[in-house]
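**Student:**
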Amino acid sequence: METEINGDIISKTNCCRKNKSCLKDKANPCCKVVSCISGELHFVEPKDNNRHHGNCDYQKMFGYSFYCNCPVRKEIYRKYGL
Numbered sequence: 004m005e006t007e008i009n010g011d012i013i014s015k016t017n018c019c020r021k022n023k024s025c026l027k028d029k030a031n032p033c034c035k036v037v038s039c040i041s042g043e044l045h046f047v048e049p050k051d052n053n054r055h056h057g058n059c060d061y062q063k064m065f066g067y068s069f070y071c072n073c074p075v076r077k078e079i080y081r082k083y084g085l
């Protein structure tokens, strides 16, 4: 089953190198959100192949942690808690 996300949010996600696969691929889910502050700042646990955030333009390092700026990823968390 595909994740349903508003088209406006999808169009804002214009730097995705993975063709927004998080919307389609349930077997290979997004980076896990470990905490969310004020519904805006999403700290994530990167997937193993993305450990140094080189494969994702939306994942940024913050100290020893990573946060995600991806509009689609944020909406998936907001809408589905995933």
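Numbered per the numbering used here, the sequence shown spans residues 4 to 85. Ideal placement from N, C-alpha and C gives every residue a C-beta, glycine not left out. As the structure is a prediction and not an experimental result, all values here were calculated from the model.
1. Between the C-alpha atoms of K77 and V37, what's the straight-line distance to the nearest angstrom?
2. For the candidate residues C39, R20, S14, whose alpha-carbon lies nearest to that of L85?
3. Under the three-state reduction of DSSP, which class applies to C71: helix, strand or coil?
4. Can you list, in chain order, the residues of its chain with a C-beta nearer than 7 Å to that of V75? Leave out the 5 residues immediately preceding and following it.
5. Among Y70, Y80, Y83, I79, which one has its Cα closest to the Cα of V47?
**Tutor:** Reading from the atomic positions:
1. For the purposes of this step, residue 77 is identified with residue 74 of the sequence shown, where counting begins at 1. For the purposes of this step, residue 37 is identified with residue 34 of the sequence shown, where counting begins at 1. If I take the Cα positions, the gap works out to 12 Å.
2. As a first step, residue 85 is located in the sequence shown; it is residue number 82 there, counting from the start. Nearest C-alpha to L85: C39.
3. What you label residue 71 is simply residue 68 of the sequence shown in a count that begins at 1. C71 falls in the strand class under three-state DSSP.
4. As a first step, residue 75 must be located in the sequence shown, where it is residue number 72. Its chain contains I8, I12, I13, T16, K23, C25, L26 as the residues whose beta carbon lies nearer than 7 Å to that of V75, once the 5 sequence neighbours on both sides are disregarded; these appear in chain order.
5. The residue labelled residue 47 in the question sits at position 44 within the sequence shown. In terms of Cα proximity to V47, the closest of Y70, Y80, Y83, I79 is Y70.
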